[in-house]
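Input: a single structure, listed below in structure tokens.
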């Protein structure tokens, strides 16, 4: 099969050469005419990490402007073949990657495919991210993917809608792949989800600073899916009140990973979940204020990051001392939704960090009227965020997720793969589905669960 592997890069990451080498191996296994197209965008460093690669299948295209979506568009234009597979310059590709994706794209009518991505590196934070499947494209509610994640996806250029390209005017280095996939589906195409394909390895350090900054960036970019593109279902309504509750309501239920028997791992995963949830919302609120023209949040990023690192350090030490540097995660879904003791409170350090280093802005008309009514400021923000574009496929209810969950042959999923398949089949991603189900079960304490 003839494929083009497209890798946008600035050549700054130390992983880029091994990414290209793994792409070259996968492309060579796919067929003699396959190529690897490296699109260098921006001013490259010196020396060139791809020097002396000595592979005629590798071509390099250079763009003066630093822009990941522009680099992907250049790849779509310059590719020698219509089957174009995308990955990032910090990924390691399985040997069968090109063959797996290209074979799926041969089928009549297939326009795009997406497949799993797993973080590769040491530490319990990456174990948490893999357990939650944070890099996988979300489901579309009909067995496919809701959008693309360019770490692991492919398209048929000759079957794309006319003029379909990545948006490099409104996005740069985050959410341009989601926007591309959403527009593709809006044009009547589907994105096939290759659940059984070997995952691409996304190489990360596992440091809290790196990952929390990445989630800040994701939050900022997510705003523009609504404010710039008006994509259905992408506006986070009530986000300011949602964030205020995270700061000030320690009694609320949060994800406590009751399906894990190891208390150290439960506590660590809860910590990471709280950190990444807050990071995404902080980035979202920052960019939403920029888009609205009225700042919503004041953030001291250095102090906030230092606080996240202090909070995560004891958990990482405890988990690593009890196991290897990257712990195995073996859930028991009979435990799911059965937390020991009373409801788990949000840790005090969490609200303190948010209030002290990422506080919501106060405005003259932003004080409560004492009767729980919306202020003028809240009404203005709600009007700005109010979307007439509802999600094309409503999210499943907790009851619907629970029915799918308990319909498994064993009454509950046997492992994470089965749990993911159940939740995706019901139209929900693993992380959000787990959050909704756990809260539902904690509230109801349904029979059939055991501590």
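Numbering (this note's numbering), first residue to last: 867 to 1317.
Glycine included, C-beta positions come from ideal geometry on N, C-alpha and C.
The structure displayed is predicted, hence computed values, not measured ones.
What residue does the beta strand (DSSP E) around residue i start on, and which one ends it?
| i | result |
| --- | --- |
| residue 875 | 870 to 875 |
| residue 1390 | There is no way to answer for residue 1390, as the model of the chain reaches only from 867 to 1317. |
| residue 986 | 983 to 986 |
| residue 1020 | 1019 to 1022 |
| residue 1100 | Residue 1100 -> no beta strand (DSSP E), and no H or E assigned at all. |
| residue 999 | Looking at the DSSP string, residue 999 is not in any beta strand (DSSP E), and its letter there is neither H nor E. |
| residue 882 | No beta strand (DSSP E) holds residue 882; the alpha helix (DSSP H) holding it covers 882 to 896. |
| residue 978 | 978 to 980 |
| residue 1212 | Residue 1212 -> no beta strand (DSSP E), and no H or E assigned at all. |
| residue 926 | 924 to 929 |
| residue 1164 | 1163 to 1165 |
| residue 951 | 949 to 952 |
| residue 879 | Per DSSP, residue 879 belongs to no beta strand (DSSP E) and is neither H nor E. |
| residue 1058 | 1057 to 1059 |
In the DSSP assignment, the alpha helix (DSSP H) including residue i goes from what residue to what residue?
| i | result |
| --- | --- |
| residue 1123 | It is not in any alpha helix (DSSP H) - residue 1123 carries neither H nor E in the DSSP assignment. |
| residue 1105 | 1105 to 1114 |
| residue 1145 | 1129 to 1158 |
| residue 1047 | 1042 to 1052 |
| residue 1068 | Run containing residue 1068: none in the alpha helix (DSSP H); it sits in the beta strand (DSSP E), 1066 to 1069. |
| residue 1308 | 1296 to 1310 |
| residue 1089 | 1074 to 1093 |
| residue 1224 | First-last for residue 1224: 1224 to 1226, but that is the beta strand (DSSP E), not the alpha helix (DSSP H). |
| residue 938 | 934 to 944 |
| residue 1264 | 1264 to 1272 |
| residue 1285 | 1282 to 1291 |
| residue 1278 | Where residue 1278 is concerned, there is no enclosing alpha helix (DSSP H), given that its DSSP letter is neither H nor E. |
| residue 972 | 963 to 972 |
Would residue i and residue j qualify as a contact pair, given that the criterion is a beta-carbon distance under 8 Å?
| i | j | result |
| --- | --- | --- |
| residue 874 | residue 905 | yes |
| residue 1013 | residue 1040 | no |
| residue 964 | residue 871 | yes |
| residue 1017 | residue 966 | no |
| residue 1175 | residue 1304 | no |
| residue 976 | residue 1022 | yes |
| residue 1181 | residue 1110 | no |
| residue 1086 | residue 1042 | no |
| residue 1285 | residue 1199 | yes |
| residue 1003 | residue 980 | yes |
| residue 1007 | residue 1259 | yes |
| residue 1050 | residue 978 | yes |
| residue 877 | residue 910 | yes |
| residue 1165 | residue 1148 | yes |
| residue 1185 | residue 1130 | yes |
| residue 882 | residue 915 | yes |
Below 8 Å on the Cβ atoms is my guess for residue i versus residue j; work out the distance and round it to an integer in Å.
| i | j | result |
| --- | --- | --- |
| residue 1102 | residue 1150 | 6 Å |
| residue 1163 | residue 1071 | With 8 Å as the limit, residue 1163 and residue 1071 do not qualify as a contact, their Cβ atoms being about 27 Å apart. |
| residue 947 | residue 868 | 4 Å |
| residue 1088 | residue 1048 | Wrong, their Cβ atoms sit about 12 Å apart, outside the cutoff. |
| residue 934 | residue 1038 | 6 Å |
| residue 1300 | residue 1121 | 7 Å |
On a Cα-Cα basis, can you pick out the residue from the options that is closest to residue i?
| i | options | result |
| --- | --- | --- |
| residue 1031 | 939, 1307, 988 | 939 |
| residue 1020 | 1066, 1146, 1228, 1029 | 1066 |
| residue 1212 | 1249, 1094, 1143 | 1143 |
| residue 893 | 936, 960, 909 | 960 |
| residue 1058 | 1089, 1155, 912, 1011 | 1011 |
| residue 982 | 1308, 1296, 1306 | 1296 |
| residue 1179 | 1052, 990, 1309 | 990 |
| residue 936 | 917, 921, 908 | 908 |
| residue 922 | 912, 951, 1302, 902 | 902 |
| residue 1250 | 1283, 1106, 1173 | 1106 |
| residue 1077 | 995, 1270, 1122 | 995 |
| residue 1292 | 1307, 1298, 1266, 1272 | 1266 |
| residue 1029 | 997, 943, 1108 | 943 |
| residue 1080 | 978, 890, 945, 1167 | 1167 |
| residue 1145 | 1277, 1310, 1171 | 1171 |
| residue 1264 | 969, 1245, 1307 | 1307 |
| residue 1026 | 880, 998, 1289, 1056 | 1056 |
| residue 1159 | 1131, 1169, 1093, 1276 | 1093 |
| residue 1095 | 914, 1270, 1034, 899 | 1034 |
| residue 1005 | 1310, 1131, 1287, 1302 | 1287 |
Output yes if chain D places a C-beta closer than 8 Å to the C-beta of residue i; else output no.
| i | result |
| --- | --- |
| residue 1007 | The question asks about chain D, but that chain is absent: this structure has only one protein chain. |
Can residue i be considered in contact with the ligand FAD, in the sense that its beta carbon sits closer than 7 Å to one or more heavy atoms?
| i | result |
| --- | --- |
| residue 1213 | In the structure on display, the ligand FAD does not appear, and there are no ligands present to speak of. |
| field | Touch test, the segment 1052 to 1064 against the segment 1121 to 1129, Cβ-Cβ under 8 Å, three pairs minimum | value | No, because fewer than three Cβ pairs between the segment 1052 to 1064 and the segment 1121 to 1129 fall closer than 8 Å, the two stretches do not touch.
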